[in-house]
Amino acid sequence: MQTMSGPSPVRSKAMRPSGRVRYWMLFVISNPFDDLKLTLLVFDVNPVCQTEWMKRIDPLPSGDERAILVSLLDYHRATLLDKTAGLDDTQLAERTTVSTLTLGGLLRHLTFVEDVWMVRRFQGEDMPEPWASAPWSDDPDWELTSAAGLSAETLRADYLAAIERSRTILSEGDFDAHAALPDQFGAYWNLRGIIAHLIEETAQHNGHADIIREALDGTVSD
80 MQTMSGPSPV
90 RSKAMRPSGR
100 VRYWMLFVIS
110 NPFDDLKLTL
120 LVFDVNPVCQ
130 TEWMKRIDPL
140 PSGDERAILV
150 SLLDYHRATL
160 LDKTAGLDDT
170 QLAERTTVST
180 LTLGGLLRHL
190 TFVEDVWMVR
200 RFQGEDMPEP
210 WASAPWSDDP
220 DWELTSAAGL
230 SAETLRADYL
240 AAIERSRTIL
250 SEGDFDAHAA
260 LPDQFGAYWN
270 LRGIIAHLIE
280 ETAQHNGHAD
290 IIREALDGTV
300 SD
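80 is the number of the first residue of the sequence shown in the numbering used here; add one for each residue after it.
Rendered as structure tokens:
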């Protein structure tokens, strides 16, 4: 099936009791074997993310390479904040599947990912705290396991701080410039590749976060 070209789909929205916004999008669908059909797409959006931490904006549909990649990365960063919005310390530390992953652990892990790729590898600088003094030899997954002892506010604030460090580095970096230090396999990534990897890693964990959040309290978002 193909979506017909023409005006944008009809949209409507309403506040739900939970505070989330429910959107309706009405599409006209064309099928070569049927008459025209109307398809209703319904999804929820958590407005807390857009007002408290980081506004989630759809990725750019066109533009230069840098603008598109940065918009994709920011979209997925904000998606993680949306999927962890409105939860307290206990909920962020709760396991809801057979996996050991938690929403707090994902926030902490992606904070580490931002710093290790942008600060350590690309810039060649020492890792900031808490990574510099973390007991990695005792616990290789420390960024995941240590999240349970942190507050929701700390987890979110640290993630946003790491994002700002990455943005500062990115604003001054050339996409063709190579990292000062290699990855664990000896490869020297250029900045373009690092941004693509951050998009990949964040998007992958957003899928995990979606499953964990739905199992936690039934919340489903786009």
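Positions of the beta carbon are idealized from the N, C-alpha and C atoms, including for glycine.
Is residue j closer than 8 Å to residue i when the C-beta atoms are compared?
i       : j       : result
Leu-223 : Arg-187 : yes
Gly-165 : Ala-226 : no
Leu-277 : Leu-152 : yes
Thr-181 : Glu-173 : yes
Ser-250 : Asp-161 : no
Ala-294 : Thr-176 : yes
Phe-201 : Ile-273 : yes
Thr-281 : Arg-156 : yes
His-284 : Trp-268 : no
Leu-234 : Leu-139 : no
In terms of alpha-carbon separation, which member of the options lies closest to residue i?
i       : options                               : result
Asp-167 : Asp-255, Ala-231 and Asp-220          : Ala-231
Trp-259 : Arg-271, Val-177 and Val-198          : First, the amino acid is wrong: residue 259 is Ala here, not Trp. The shortest Cα separation from Ala-259 among Arg-271, Val-177 and Val-198 belongs to Val-198.
Glu-208 : Ser-178, Asp-217, Arg-244 and Thr-179 : Arg-244
Glu-279 : Phe-254, Asp-253, Ser-141 and Val-149 : Val-149
His-254 : Ser-141, Leu-139 and Arg-145          : Sequence check: residue 254 is Phe here, not His. Closest option to Phe-254, Cα to Cα, is Arg-145.
His-287 : Thr-179, Ala-241, Asp-205 and Tyr-238 : Thr-179
Gln-263 : Lys-134, Trp-221, Ser-141 and Trp-196 : Trp-196
Pro-261 : Glu-204, Lys-134 and Leu-239          : Glu-204
Ala-241 : Met-206, Gly-228, Arg-292 and Pro-219 : Met-206
Thinking residue i and residue j are a contact (beta carbons under 8 Å), I'd like their distance in whole angstroms, please.
i       : j       : result
Asp-137 : Tyr-154 : 7 Å
Can you confirm whether residue i, when its beta carbon is compared against all beta carbons of chain C, has any partner nearer than 8 Å?
i       : result
Asp-161 : Reference to chain C is not applicable here, since this structure consists of a single protein chain.
**Message:** Three or more C-beta pairs under 8 Å: does that hold for the stretch 207-215 against the stretch 188-196?
**Reply:** yes
**Message:** List, from N- to C-terminal side, the alpha helix (DSSP H) runs of 4 residues or more that fit wholly inside the stretch 150-190.
**Reply:** 168-171
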